[in-house]
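Protein sequences, first through last, are from chains A and B. Just so we're aligned: the first sequence equals residues 23 to 584 in this note's numbering. Just so we're aligned: the second sequence equals residues 515 to 866 in this note's numbering. Step one of this worksheet: look at the structure below.
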Amino acid sequence: MKLNYNKMLRITNPSQFILMSVLTSAFLAGMVFPLFSLFIKAFQDSGGSFVGLSNYVNYFSQPALFYSILNTLNVSLTTSVVSTILGFAYAYALKRTNIKFKGFFRYAALFPIFVPTVVHGIGLILLFGRQGILTQLGLEIELYGRIGIILAGIIYTFPQAFLMFYVTLHYADGRLYEAADSMGCNALTKFLRITVPEVKYTLVYSLFVCFTLAFTDFGAPKVVGGGYNVLATDLFKQVAGQFNFNMGAVVSTILLFPAILTFVADRILIAKNYSEISAKAVELKVNKNSLRDGLFFAVCFLVVAFFLIFIGALVVNAFMRFFPFERCFTLEHFRFGRAFGGMQSFVNSISMSLLTAVFGTIFVFIYTYLIEKGKGMNPLKKLGRLLSVTPIALPGMVIGLSFIFFFNSSSNPLNFIYGTVIILVLANIVYFYAVPYATASGALKKLDKEFESIAESMRIPSWKILSKVSAPLSLPAILEIFMYYFVNAMVTVSAVVFLYSADFKVASIAITHMAGAGNFAQASAMGLLILIVNLIIRSMYELYLYGIKKQADKKGADLPDD
Amino acid sequence: MKRTILLYVLSALLLIGSLGGLAGCGQRQAAADPTKGEITVYTALEDELVTEYLAAFNQKYPDIKVNIVRESTGVITARLLAEKGNPQADLVWGLAASSLMVLDNQEMLQPYAPVGVERILPKFRSAKPVPTWVGITAWETAFVVNTVEAQRLGLPEITSYQDLLKPEFKGHIVMPNPVSSGTGFLTVTGLLQLKGKDTEKGWEYLDQLHENISHYVHSGSKPARMAAAGETVVGISFGYAGIRQKRLGAPVKIIFPEEGSGWDMEANALMKKNEIKPAAKTFLDWAISDEAMNLYKANYPIISTGKGGSYEGFTFNPVDQLIDNDLSWAAENRDNILSKWMQRYDAKTAPR
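See below:
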């Protein structure tokens, strides 16, 4: 009987199986059960009795919905295509060309994710609003509405697309290009036949990720959306306007569709994704080509120029008394009143983000390792993949509400985490899970399967391979994941707004309050401080990497050059 | 060796758990002494006002630690409703009466008559024998106009709702969406009542106004902010939102429409839960005391005892500005009004 059971679950390595089960259960408790406690409301009336699909019938009979869905598709598609193309071009420039200032460009690309999305909205208004700097220069666009949402969406998703391509393009097998050169292939052929297949997986994944992020994003529509209704504003109106959790749950379930599509795409792609780096791969040498370099430099320059103007606008706003009507210099906006949580909220943000980054990275990497490299356990692996991509379709508000319904119930044994920093950390880990998963999975897929087979034949335990081979080889990806978690936890609003407790406020919430109080100047000032902290943390990690590289160079070891 | 790593993982998980357990303790001691203890207060009052008022409270009651959660009206109400099964807040301070009515209907409020409740005018507190909520201040529809922009575009002066219909204002007015904003809702219900609440006149006015609106936003103070920043010329908002922008240095003028303003109360309530702390009642008593009212009226001149102040730079009595508002009519017809509004104006925001 026991044997049959083992066969059914395809267990070949019991310790891996136990670990996998523990992590899967953690995921169930941290995401699936809470979501269930919210989604069940889609099939109930306000009194809690079962009503079948009548809430859906009710919702779909509203004419506004038709427009909301069309609008949401419209902005999400545009955003994902533009972000993916830009992200790819930018990463390609940094990894496969000889342009100058690569280090600077790499930092600059991440500017947008170093500040809360509220600040994106403020920045866009400062640039393109009626009093905007660019508007005054004659560049007039109708910001409030579709264009505003798309612009904010691109700013928000571009860094994510860039990061995915950056990691993927890092791993290249120079031998392929050498072989192509010796066969006399031209640049286009090499690009289409080697590079594109190499990044095919990331390309599609990036499209889906950006699409889903834009599909569920609420920050941009709220600040610059004007009267352009999207599903996320529908959700807000149902929950925080009508206090109708049942309808809110209906919209939440509709927002899940892209996640299901992403999962299907992930499954289809994985069957066709052969491009892995063999253990024998050699480093790619980028040959000279000044036309190509010039072109890609222009792309990077334009993107960065836009971001710099953006940051510049914030600086101007933070240091001027009342932009644009009173343009005298002042430092008063940096004197944060106790009203907004003062300095303590800033310290709280940093500790919450560190906890999120440490525990999030450990969890993501081990779980993804088991999914990608574990022996057997196919049913659990499939479940794991589904669980890992789902969070991307969850608006922060959905996570916040479902955490309240699940963890605040006094009959829940995990009730003790409610109102503590742990629930904030958990919410962050879940909310931002999908991109770290993609990063880890992309990096691990590139590692040769031979490592595991050799290890097995030599009877080396798999944890040793993980800690001595896979983890060090994936170090750039691991550190990316750490950084991703840290900076996102620093800036997130929607995931924690329902969950932070009275004695633990965070800086991103403080910014929302400042902006809400009409104090854009103080919000910009706090935004700049968060940007600086994120930059400092980022440079510390660069220095650390630099140290490792130097050490490796001394030993002559062949570590990733990142 | 395999077991060791598993052991590490498990002990790490255990550690997280026990740390969490520790963090949860220390909040449980209930003090029988009403001037001691720790209370959690949910509020929608503005941040800077909360700080100011709390300092006064703690001067009088230094041994009561007040933990504040402040969010916008919609978010804090949603959070209270979602926490219904196990309420975290001990009391609610300064939340829209229309929101408290929703909580009251779900039997989440504990009736409590704070000391001095008889001073509160009947229309500013719940009608129950032992009131479930007690109002402190009122806020009302006001227009916030950016004077620099209005002059640049050569727009005429505004004094009334009727003036907003002038063709010159087309595309220059921003208004809160009544579906997601309390200020939007009180403005719409105020207008409907002004024009005769059971006639179509109000809707005819809104139809015409809709032609001039540039867009609707999801917050009541945002139109004032947008007017201050020059993102719109006229923002339909509320009095204090405009006053605050003016204090920050914005070139704005606040206009109270001559027909009168729709309004809502900011009110306090005790949450129904197993353990009701004496300190919570102390806070509620203080929150309607003369001391507190004097603090409120410096910012919100309309207070529930009726003896209020006036707006900075205005000489009229703000109470006269309020229309004869039927709050319970608005609450009863809320769903109908909002769905009619959505059908007429929200669905029109088609893709361009």
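All residues carry an ideal CB built from backbone N, CA and C; glycine is no exception.
| message | Could you check whether GLY716(B) and GLY776(B) sit closer than 7 Å to each other, using their CB atoms as the reference points? | response | Contact: no.
Discussion item. Residues of the stretch 795-818 of chain B in Cβ contact with chain A at a cutoff of 7 Å, in chain order, please.
Written reply: Cβ proximity to chain A below 7 Å picks out nothing from the stretch 795-818 of chain B.
_Residues in the stretch 553-568 of chain A having any Cβ partner in chain B nearer than 7 Å_ = none
- Pick out the complete beta strand (DSSP E) segments inside the stretch 603-671 of chain B, 3 residues or longer, and give them in chain order. 605-610 and 647-660
Please report how far the alpha carbon of TYR754(B) lies from the alpha carbon of THR713(B), in whole angstroms.
31 Å
- Query: Using a Cβ-Cβ distance under 7 Å, would SER694(B) count as near chain A?
  - Reply: Answer yes: the Cβ-Cβ gap between SER694(B) and chain A drops below 7 Å somewhere.
Self-check item: Top-ranked residue by Cα proximity to PHE381(A), from THR534(A), PRO85(A) and VAL452(A)
Solution: VAL452(A)
inquiry  = Less than 7 Å between the C-beta atoms of ASN77(A) and LYS397(A), yes or no?
reply    = No, Cβ-Cβ distance for ASN77(A) and LYS397(A) is not below 7 Å.
Since SER98(A) is in the alpha helix (DSSP H), which residue starts that stretch and which ends it?
It spans 85-118 - the alpha helix (DSSP H) in which SER98(A) sits, taken as one unbroken run.
### Query
Closer than 7 Å, CB to CB, is HIS535(A) near chain B or not?
By this cut-off, HIS535(A) is an interface position.
* To do: Could you tell me which residues DSSP pairs with LEU214(A) in its beta bridges?
  => DSSP, once it has assigned bridges, lists no residue as partnering LEU214(A).
query: Between which two residues does the beta strand (DSSP E) harbouring LEU784(B) extend?
result: For LEU784(B), the enclosing beta strand (DSSP E) has its first and last residue at 777-785.
What residue from PHE638(B), TYR719(B) and GLU552(B) has the CA that sits closest to ASP604(B)'s CA? GLU552(B)
Next on the checklist: By the three-class DSSP mapping on this structure, what secondary structure does ILE553(B) have?
Outcome noted: strand
Check: Using the beta-carbon of each residue, which ones in chain A are nearer than 7 Å to VAL616(B)?
Finding: PHE265
(message) Please report whether the beta-carbon of VAL261(A) lies at a distance below 7 Å from any beta-carbon of chain B.
(response) Closer than 7 Å to some Cβ of chain B, the Cβ of VAL261(A) qualifies, so yes.
Practice prompt. Can you tell me which of LYS63(A), GLU472(A), LEU553(A) and PHE429(A) puts its alpha carbon nearest to the alpha carbon of PHE136(A)?
Written response: LEU553(A)
Near LEU146(A), which residues of its chain fall below 7 Å by C-beta distance, leaving aside the five closest residues on each side in sequence?
LEU165, GLY170, LEU173, ALA174 and VAL246
**OP:** Mark ARG758(B) as exposed unless 16 or more other C-beta atoms lie within 10 angstroms of its C-beta, in which case mark it buried.
**Re:** ARG758(B) is buried by the Cβ-count criterion.
Could you pull out every unbroken beta strand (DSSP E) segment of at least 3 residues lying fully inside the stretch 707-754 of chain B, listed in chain order? You should have 727-731 and 748-752.
Helix, strand or coil for GLY398(A)? Go by DSSP, reduced to three states. strand
> Do you know whose CA, among LEU405(A), LYS576(A), TYR129(A) and LEU75(A), lies nearest ALA48(A)'s CA?
Replying inline: LEU405(A)
Practice item. Give a yes or no on whether the minimum CB-CB distance between ALA287(A) and chain B is below 7 Å. Key: For ALA287(A), the answer is no, since every Cβ of chain B falls outside 7 Å of its Cβ.
Check your understanding: How would you list, in chain order, the residues of chain B whose beta-carbon sits under 8 Å from the beta-carbon of ALA320(A)?
Key -> Under the 8 Å cutoff, chain B gives no residues; its nearest Cβ is about 31 Å from ALA320(A).
- Message: Going by DSSP in three states, PRO690(B) sits in which element: helix, strand or coil?
- Response: strand
* Taking Cβ-Cβ distances shorter than 9 Å, what residues in chain A pair up with ASN581(B)? -> Neighbours of ASN581(B) on chain A, chain order: SER523, ALA524 and ASP525.
Check: Applying a beta-carbon distance threshold of less than 7 Å, which residues of chain A neighbour GLU789(B)?
Finding: Result: empty, since nearest Cβ-Cβ is about 12 Å, beyond 7 Å.
Using 8 Å as the cut-off, can you tell me whether the stretch 689-697 of chain B makes contact with the stretch 722-738 of chain B, which would need three or more C-beta pairs spanning the two stretches below that distance? Yes, since at least three Cβ pairs between the stretch 689-697 of chain B and the stretch 722-738 of chain B fall closer than 8 Å, the two stretches touch.
key: Cutoff 7 Å: MET856(B) Cβ touching any chain A Cβ   = yes
Alpha-carbon spacing of TYR129(A) relative to MET505(A), whole angstroms
12 Å
Tell me which same chain residues have a C-beta within less than 6 Å of the C-beta of ALA111(A), skipping the five on either side of it? In chain order, VAL321 place their CB closer than 6 Å to the CB of ALA111(A), counting only its own chain and leaving out the 5 sequence neighbours on each side.
- request: Go ahead and label ASN434(A) buried or exposed: buried means 16 or more other beta carbons lie within 10 angstroms of its beta carbon, across all protein chains shown.
  value: The residue in question, ASN434(A), is buried, as its Cβ has 16 or more Cβ neighbours within 10 Å.
(request) Using a Cβ-Cβ cut-off of 7 Å, state whether HIS724(B) counts as contacting chain A. (result) Not a single C-beta of chain A is nearer than 7 Å to the C-beta of HIS724(B).
Against chain B, does PHE39(A) count as a neighbour if the rule is that its beta carbon must be under 7 Å from one of theirs? no
Fill in: Best match in GLY418(A), SER561(A) and MET480(A) for proximity to THR255(A) [C-alpha to C-alpha]
GLY418(A)
Please confirm whether PHE49(A) has its beta-carbon closer than 7 Å to some beta-carbon of chain B.
no
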